[in-house]
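Here is the structure we will look at.
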Amino acid sequence: MRQLRQLLQQFNEEITLRGYSERTRNSYRYVINQLYKYFGQPFDTISDKQLEMYFRYFNLEKHHCRATLKLHLNGIHFLFEHVLHRSFTISVCLPKRKEKLPQLLTPQDISAVIYYCKTNKHRAMVALCYGCGLRVILATVSP
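And the structure:
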């Protein structure tokens, strides 16, 4: 545990010197704690094969999304390269990014929105935006 505290102190100094944001520092610190919980041994003794197994566990058994895996990968990469001064050579296959379909309104929904507009000007704006296929943000941004 003492070694982990020293490592975290060294990590904090290194990441602060490099100008990373507070949110990134907290995220990477969390990743380091998760890595320590998983292995329970000094980071110097962890092999590349063990790290690959760690990422396989996160991907296949924990079913984490691509962003979480990438966060862990970047945090561990920073730890090994900049704090432990050890080369980080593992390659991790990240899952494909899931494409989200846009949420569309039905013609009945649009009719209801137009009906509840208070002025003719607003009705015309909503009808025009819908008819032209514009995004909502384009109608709300002022020049």
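Under UniProt numbering, the sequence shown has 71 at position 71, and the numbering climbs by one with no breaks. Cβ atoms here follow ideal geometry from the backbone N, Cα and C, with glycine treated the same way.
Check: What did DSSP end up calling PHE39 once you bin it into helix, strand or coil?
Finding: For the purposes of this step, residue 39 is taken as residue 39 along the sequence shown, with counting starting at 1. Three-state DSSP puts PHE39 in a helix.
Notebook entry, point to check: Got a sec, what are the start and stop residues for the alpha helix (DSSP H) HIS122 sits in?
Noted result: Counting from one through the sequence shown, the residue named residue 122 turns up at place 122. 120-132 is the extent of the alpha helix (DSSP H) around HIS122.
Next item on the list: Leaving out five residues on either side along the sequence, give the residues of the same chain with a beta carbon under 6 Å from the beta carbon of HIS64.
Entry: Here residue 64 is taken as the residue at index 64 of the sequence shown, counted from 1. Cβ within range, chain order: PHE58.
Check: To which residues of the same chain is PRO42 closer than 7 Å at the C-beta, ignoring the five residues directly before and after it?
Finding: As a first step, residue 42 is located in the sequence shown; it is residue number 42 there, counting from the start. Around PRO42: GLN3.
Next item on the list: Decide if ILE15 is buried, meaning its Cβ has at least 16 other Cβ atoms within 10 Å, or exposed.
Entry: In the sequence shown, residue 15 corresponds to position 15, counting from 1. By the 10 Å Cβ count, ILE15 comes out buried.
Margin query: Just verifying my parser: in three-state terms, what is the DSSP assignment at LYS70?
Written below: Residue 70 sits at position 70 when you count from the first residue of the sequence shown. Helix.
Check: Thinking C-beta only, is ILE90 closer than 7 Å to ASP44?
Finding: To locate residue 44, count along the sequence shown from 1; it is residue 44. To locate residue 90, count along the sequence shown from 1; it is residue 90. It is not a contact, given that the beta carbons lie outside the stated cut-off.
Note to self: Less than 7 Å between the beta carbons of TYR28 and PHE80, yes or no?
What the structure shows: In the sequence shown, counting from the first residue as 1, residue 28 sits at position 28. In the sequence shown, counting from the first residue as 1, residue 80 sits at position 80. Against a cut-off of 7 Å, the Cβ pair of PHE80 and TYR28 comes out as no contact.
Item checked: Beta-carbon proximity check, VAL113 vs VAL126, cutoff 7 Å -> Looking up residue 113 in the sequence shown gives position 113. Looking up residue 126 in the sequence shown gives position 126. Inclusion of VAL113 and VAL126 in the CB contact set at 7 Å is warranted, their separation being smaller than that value.
Next item on the list: Answer yes or no: do VAL83 and PHE11 have a C-beta to C-beta separation smaller than 7 Å?
Entry: Within the sequence shown, residue 83 is the residue found at index 83, counting from 1. Within the sequence shown, residue 11 is the residue found at index 11, counting from 1. The answer is yes: Cβ separation under 7 Å.
Next item on the list: Check whether the Cβ of ILE32 lies closer than 7 Å to any Cβ atom in chain B.
Entry: Protein chain content of the structure displayed is limited to a single chain, and chain B is not contained in it.
Note to self: My output table needs one value for SER47: the three-state DSSP class, helix, strand or coil.
What the structure shows: Working through the sequence shown from its first residue, we reach residue 47 at position 47. Coil.
Next item on the list: Ignoring anything shorter than 4 residues or poking outside the region 49-119, list the alpha helix (DSSP H) runs there in chain order.
Entry: If we require 4 residues or more, the alpha helix (DSSP H) runs fully inside the region 49-119 come out as 66-78 and 107-115.
Next item on the list: Leaving out five residues on either side along the sequence, give the residues of the same chain with a beta carbon under 6 Å from the beta carbon of LEU51.
Entry: Here the question's residue 51 lines up with position 51 in the sequence shown. The beta carbon of LEU51 sits closer than 6 Å to the beta carbons of ILE90 from its chain, once the five residues preceding and following it are set aside; these are given in chain order.
Checklist line | VAL141 classed as buried or exposed, judged by whether at least 16 other C-beta atoms fall within 10 angstroms | finding: Locating residue 141 in the sequence shown gives position 141, counting from the first residue. VAL141 comes out exposed.
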